[in-house]
Every structure is written in C-alpha cells, then in structure tokens.
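Here's the structure, in structure tokens; my notes come after.
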Amino acid sequence: MINPRKIKNSAILFPVLFFLFNSLLLGLAPVGSSSEAREGQVVHVILSGGDWLFPLRNGISPSKPPLFHWIGAMLWPLTGFDQEFAIRIPSLIFAAVILYLVSLLTVTLSSAPEGSHNSAHLVVAGVLATTYGFLRMALDSRVDMVFTGLLVCGLYVVLSPIFHTPERGVSISWLRKQIFALLIAASVLAKGPLGVVLAAVIIFAVTLWLFDLTRALKFCLSFISTLPLFLLITLPYYYHAAQLGPDLVGESVVTRQIFLENIQRFIGGSVIDPKPVWFYVPSVLRTAFPWSILFVIFLTKDVRRAFRRVKNGLEAFPHSERKDMLGAVWFLVGFIFFSISAGKRHSYMLPLYPGMALYVGIRLSQVLESSNSTRDAMLRKAKGKSWVLMFVLAISALFTFEIAQKPLVFGKIDFEVARNWIKDQALLLETLIVLLLGGLVWFASRFSVLKNVERFAGMLVLIVGMLGIFISLGQGVKNRLKNFEGIALQVRAVVPESMPLYTIKSKNDEFFDPYFFYVDREVIIKSPDFDSFPKGAYVLAYTDWLREKQNDLHLRPIRLVTRFNQFPAMRLGSTERELVLFQN
286 MINPRKIKNS AILFPVLFFL FNSLLLGLAP VGSSSEAREG QVVHVILSGG DWLFPLRNGI
346 SPSKPPLFHW IGAMLWPLTG FDQEFAIRIP SLIFAAVILY LVSLLTVTLS SAPEGSHNSA
406 HLVVAGVLAT TYGFLRMALD SRVDMVFTGL LVCGLYVVLS PIFHTPERGV SISWLRKQIF
466 ALLIAASVLA KGPLGVVLAA VIIFAVTLWL FDLTRALKFC LSFISTLPLF LLITLPYYYH
526 AAQLGPDLVG ESVVTRQIFL ENIQRFIGGS VIDPKPVWFY VPSVLRTAFP WSILFVIFLT
586 KDVRRAFRRV KNGLEAFPHS ERKDMLGAVW FLVGFIFFSI SAGKRHSYML PLYPGMALYV
646 GIRLSQVLES SNSTRDAMLR KAKGKSWVLM FVLAISALFT FEIAQKPLVF GKIDFEVARN
706 WIKDQALLLE TLIVLLLGGL VWFASRFSVL KNVERFAGML VLIVGMLGIF ISLGQGVKNR
766 LKNFEGIALQ VRAVVPESMP LYTIKSKNDE FFDPYFFYVD REVIIKSPDF DSFPKGAYVL
826 AYTDWLREKQ NDLHLRPIRL VTRFNQFPAM RLGSTERELV LFQN
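Below, the structure written as structure tokens:
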C-alpha cells in the first residue's frame, strides 16, 4: 500500500542534496555572458543606493522587471559578499523548489486512484536535474529560473487537486485560485506578461486533455475572479513605469519590458532576429539529451498504441492513462507556443523541461518497476526496431557535425591561462570529488538492497554532481579566458573615481556588459559617432574605432586591455574585439 505522506517527505531529500552540492559551485566561474552581467549590474545598482523599482544600468532601463534583482539584493549580505555567488543563488534556490514540486506532482499522480508509480518521483527528479538545459540555468544568474519556479508553483497549486477530480467535473477551491494569482503575478514581476500567457496555455491544454472543451473553458474562465488580486500586485509597478520618460537610448521601461521583451519577441520587430519555426527541435534534442530522445520514443509508442485502439473501436487514450501523459501535454503545448514566436532563445525552453521530465520519468519508472520478463521482452522488442537505432545515430551525427563546424583555435597562452585558473580552484574541486566518491561508496554498499528504480535514481544523483562540476569548469575556463574581470581591474587601477569614464558602443552591442558588471562604477555610454569628450576624460573602446578617430580627436592612448579571443585572433591578424583605454 502506497503511503503518500511518507513518499512526500522523502521527495525533499534530492532537492536538498542538489542545492547543497551545487551551491559550492556557484562562485566558481567568473561572469562572462551579457545575460548574467545585466542582471548582476541591476543588483549592484540597487545595493549602491539606486532605485529599487526602476534601477538604471548606466542610464539604461532594465530589460526585466525587478523581482529577481530584489531577491539577489536581499540575499547578497547573507552570501559573504561573493558577487558571483550572490547573483546566482536565486536561480539555484528556485531550481531546488522546482525539483521538489515536480516530485510532489509525481507523487500526486501516484496516489491518485488509478496511479501505481510509487517510486516515480525519484526518477522524475533525477531526469530533470540531469537535463543539461535545466542544470545550466540553475547555475546561472538569469531571471528565467525564478520565473520558471513561480510558474511551476502556480501550476502545482492548480493541477495537483484536479488529478483527484472524478471524470465528471473539475474544480479547485477559491483559496487555491488566489494563491495561483499571487504566484503568477510574481512571475510577471520576474519576466513580464509571459507568465500569464504561458500558465493559461498550459492549464487549458491539460484540462482539455483530461476532460473536454466545455469543462476546460469553464474551469479556465473561473479564474476571472482572481483578476483583482493579480492587478493589485502587478498594476502599480507598470503604472509607475508608464510615468517614466525615455532612458539614455530613448526607450521607456514599458517600451523595453513589454513591447520589446514580450510583444516583439513573439510577433517580431526591427530589433528581433527571427529564427525558423524548427529552431527548437535541434535545441531541445541537444539541451535535454538523452531524455529528449526517450521523450520521442515514448511518445511515438503511445501514439501508435492509440491508433491501434482506435482501429479496434476503443478510446484512443483512456482517462486512467491520460494522467501519465500530462507532462507530454505540458511540454508539447509550450513547445508549439514558443516555436511560432519570432524571437527564439535556447533558454526559453526552461519552463518546459519539468513537463518533459514528468512524462519521461513516469514512463521510465514503469519500465524499471515492471517484472524482469516484461522488461526483457520490451528490450528485445526495442532491439528489433532498427528505426530506433537509426534515429539515435542520426541525432549523434547531427551533434558531431555541429561541433565539427565550430572553429577551435587555441594557443599556448590559452592553455596556460586555463591551467592556472583550474589550479587556483584545486581545493574546491578536490573537496567536491571527495564528496562524490563518498556518495559512490555509500551507493555501492546499498546497491544490492535497492530496487531497480532506486538504483537508477541513485546513479542520476551522482551524474548530477559530475555534470555540475563539468558545467562549472567549462564555464569557468571559458569566462576566465574572456577576462572581463581583468579588464575591469586594469581600468579601475588607472581611472580615478573622480574622473568620468566613457565607453563607446553601439546600441545593441552586448559585449561590454560583463565589463560593466566588474568595473562597478558609473560609466557614460556613447555611440560610435560621438566625438565631444571633455578634457581629461577616460574612454574604453574598440581598437579599430580608435584608429579611425585618433587623428580627429587627438586622443592619447593609455593602456591596452584584451579579452580571450584576442589570443587566437592576434595570431590571425584580427583586432575586432581588441579594447584600448585612452584619455582625451
């Protein structure tokens, strides 16, 4: 007999281990991407006494609402003032929350009248945690994980009770609806109106899948009663935003956060680089490998079984089996939604990974919990399906081709910088490896008494640790070679705080964002056609720009600073990303 309370209590263990182990990795890699640096800059501004509602990054409006930045600013003093750790800890916290809630959703399915997957929550949590796209974002300082965490919280509040609803109807309590409104409003304050749209799309699709169109519409329309609370939370922020004028680049907060970051991202616009509708197919196959392959295999099997049932005059998907496929519905409807949008990024798939993990994890647990004879028969049948092997080989060839097309140019100095950085992290890496080895020894000692599903989940736990180390090492070496922190240190050493510091960049050039994060002082940003610097001003710009302007402006070069790709670029005779600091 399944004891749901006992299983729910055990579901917290894996997220806690996930959080504790990966928290040791958060401060390992320097900041090297514009996505991380922008959010970190906003946190810096808030902590330095800037506006908590609309903190400007060197005169530019933030591209996202402030919830992520509020959390980062409040946690900063508790993190020992390690700035990389401080700006990434919100993502890791919400990643652990997502793991726990997805486990609880699985337990809810298991304890439903027709359910039988009493250990599936272990596999689901392991599948999600070992999804590269999910783990990579858990160690990153973007707003996406906080947004996804709030969205998943809202979906759990709404979906968990309807799993127990009889086939004749669907409803949840007034209190749950208000809690849902609170969570979705918070998600809007994390990333914008996308939270409302995505939650509505997923809930409607799931209720339609479980019941019918009439009951799904009636259920979704019942959430109109939550509108006052939702508006009470979100409207004041956007009302005050509407009162603000344009920023340094001529854009208001409303224009940037709603029109550019949400509407134009979906319908397209002058600043959006449209991607093909199939963009997310190779993206998901890569960022969710190998679970993306299993997702396709399991879904194909379910669809073929449904066609056979229809041919025999039966219902394609009996209600008792639809709950097992809710994760697939969650993923597929979100996948279609993002695929038809104009602006596409790999990180946009993050809210869909929990759905994929829910579906793949439940199907895997069914295989692992089946009898040996049944499982052997399934394996023999799979071996006989040559199309499965061909599919996996084709995907592997695609990945190999993609990697082969990336030019990798390394020199002696590149390896020297990477080696020295890894050497500096030796103590932390040795500690993490010892922890993993200790877990491996304990797991090996318990292996014979564990069930198949527990063995599989245990292996996934160890894989999460190794994958986290590899991701952090890779990002650390990559960002150390970029050396934005070194650039900022050189600039701070040369430029007095009392002197104005300029940076020359085009409006959409994001290259300088990590430098802005590390230099942590007011920077005056000007476009490449600007030529009226005050006497004594310091300016950081591309070397090529200086060569064009030096004779006209009579600028005196002070110090050259470079980033990573100058090392191979200089050997190739390129100065495209070479930076120089000079004084007027």
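FYI, my numbering numbers position 476 of the sequence shown as 761, with every residue one higher than the one before it.
Note that CB positions come from ideal geometry on N, CA and C, so glycine has one too.
Contact annotation: P799 and F769 have beta-carbon atoms nearer than 7 Å.
Along the region 337-403, the alpha helix (DSSP H) occurs as fully enclosed runs of 4 or more residues at 352-360, 368-396, listed in sequence order.
Y524 is classed as exposed because its beta carbon has fewer than 16 other beta carbons within 10 Å across all chains shown. Annotation: V614 to D794 spans about 38 Å, alpha carbon to alpha carbon. The secondary-structure analysis by DSSP pairs T788 across a beta bridge with I810, L825. The DSSP-derived three-state label of L424 is coil. Remark: C-beta atoms of L579 and V645 approach each other more closely than 7 Å. One Cα belongs to S507, the other to S456, and the distance between them is close to 9 Å. Using a Cβ distance threshold of 7 Å, F379 and M430 count as a contacting pair. Here V865 carries a strand assignment [DSSP, helix/strand/coil]. With 16 or more neighbouring CB atoms inside 10 Å of its own CB, G743 falls in the buried class. R593 counts as exposed, since fewer than 16 other C-beta atoms from the protein chains shown sit within 10 angstroms of its C-beta.
Short of 7 Å from the beta carbon of D367, and not among the five residues preceding or following it, lie these beta carbons of its own chain, in chain order: G312.
I552: member of the alpha helix (DSSP H) spanning 549-552, first to last residue. The C-alpha of R589 lies about 58 Å from the C-alpha of I810. Between T415 and V762 a beta carbon distance of about 22 Å is seen, past the 8 Å cut, so the two are scored as non-contacting.
About 6 Å separates the beta carbon of P350 from that of G477, a gap short enough to meet the 8 Å contact definition. Sequence-distant partners of V481 (beyond 5 residues in either direction) whose C-beta falls short of 7 Å from its own C-beta, in its chain, are I469, V473. Comparing alpha-carbon positions, the option among Q710, F801, M784, V776 lying closest to G821 turns out to be M784.
Going by C-alpha positions, T393 is about 54 Å away from T788. In the DSSP assignment, D429 falls within the unbroken alpha helix (DSSP H) covering 429-447.
Straight-line measurement puts the Cα of A573 at about 12 Å from the Cα of V581. DSSP places E654 in the helix class (H, G or I) of the three-state scheme. For the pair T511 and A501, the CB atoms are not nearer than the 7 Å cut-off. Taking a cut-off of 8 Å for Cβ pairs, the region 373-391 and the region 632-648 touch, as three or more such pairs fall below it.
In the three-state reduction of the DSSP assignment, D587 falls in the helix class.
Burial is judged here by how many other beta carbons sit within 10 angstroms of a residue's own beta carbon; T433 has at least 16 and is buried. Shown here, P575 sits in coil according to DSSP, grouped into three states, outside any helix or strand.
One thing to note: L360 has its Cβ within 7 Å of the Cβ of I374.
Counting along the chain, no alpha helix (DSSP H) covers P315, and no H or E run does either.
Annotation for A475: the continuous alpha helix (DSSP H) segment containing it runs 459-476. Its Cα nearest to that of N343, the residue V330 stands out among V330, L352, T519. Of the residues F602, E863, F622, the one whose Cα lies closest to the Cα of D497 is F602. For R777, the enclosing alpha helix (DSSP H) starts and ends at 769-779. When only Cα atoms are considered, V569 and A484 end up about 20 Å apart. In summary, M634 is buried, with 16 or more beta-carbon neighbours lying within 10 Å of its beta-carbon over all protein chains present.
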